[in-house]
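Residue numbers (full-length UniProt numbering): 1 to 233.
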């Protein structure tokens, strides 16, 4: 249940919450594997190994932008699996991310949240130029975009959220975070005490064993009527 005062801002995870991340990533990796002429590695295996390196590189200091992280992570994953890496592969991956479309209900749902009087901000582990193509598909409803490139840090660290809240000139109590990623955004919500709605799109990603979000829905279109019914204190 949501309690407290009505939030001034709704903040969103982008990929997997608003944008079809899994589907787009699978398509990009399939294209990379077709170039490689390797039949012994499937896309899901490469994605799993890539994720391992991506998260490790995002935690390193000094901070690296996402294009660098993605390139190094993809190269290391392909080398581990015995695949040949080319510089063009990172362009396939990052270009594919920029073209990923929103989930079917997202644009209308964002518009409904705007109509309820909320301002909308994306907080995302990416670079400004990569996410621009995704934001352009969101109907003009997003008021602000905060990236890891701007903050110099990746989720789930508090640094990116502190940067976002300072940029929005709000306290944590003024924000409601809406997300799909348990290991990034739910971790941050737990550690920072954020009010949070989890969008569980049935991907198999498990909730945290020690944290319960304020509400859980299978898609974003369930959120506007829920917010409209909340009796804010």
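We put the CB at the ideal spot given by N, CA and C, even for glycine.
Closer than 8 Å by C-beta to residue 4: which residues in its own chain qualify, once you throw out the five before and the five after it? Chain order, please. 173, 195, 232 and 233
Validate contact between the region 103 to 113 and the region 80 to 87 using beta carbons, cut 8 Å, 3 pairs: The region 103 to 113, when compared against the region 80 to 87, does not touch it at the 8 Å Cβ threshold.
CB contact flag (residue 199, residue 11, <8 Å): Not a contact, by the Cβ cut-off of 8 Å.
Extent of the continuous alpha helix (DSSP H) to which residue 198 belongs: Per DSSP, residue 198 belongs to no alpha helix (DSSP H); it is in the beta strand (DSSP E), 195 to 199.
Would the region 55 to 66 count as touching the region 134 to 143 if we require 3 or more Cβ pairs under 8 Å? no
Where the beta strand (DSSP E) through residue 147 begins and ends: 144 to 147
Segments assigned alpha helix (DSSP H), at least 4 residues, entirely inside the region 11 to 93: 21 to 36, 43 to 58 and 66 to 80
Grouping DSSP H, G and I as helix and E and B as strand, with all else coil, what is residue 116? coil
Three-state secondary structure (DSSP) at residue 136? coil
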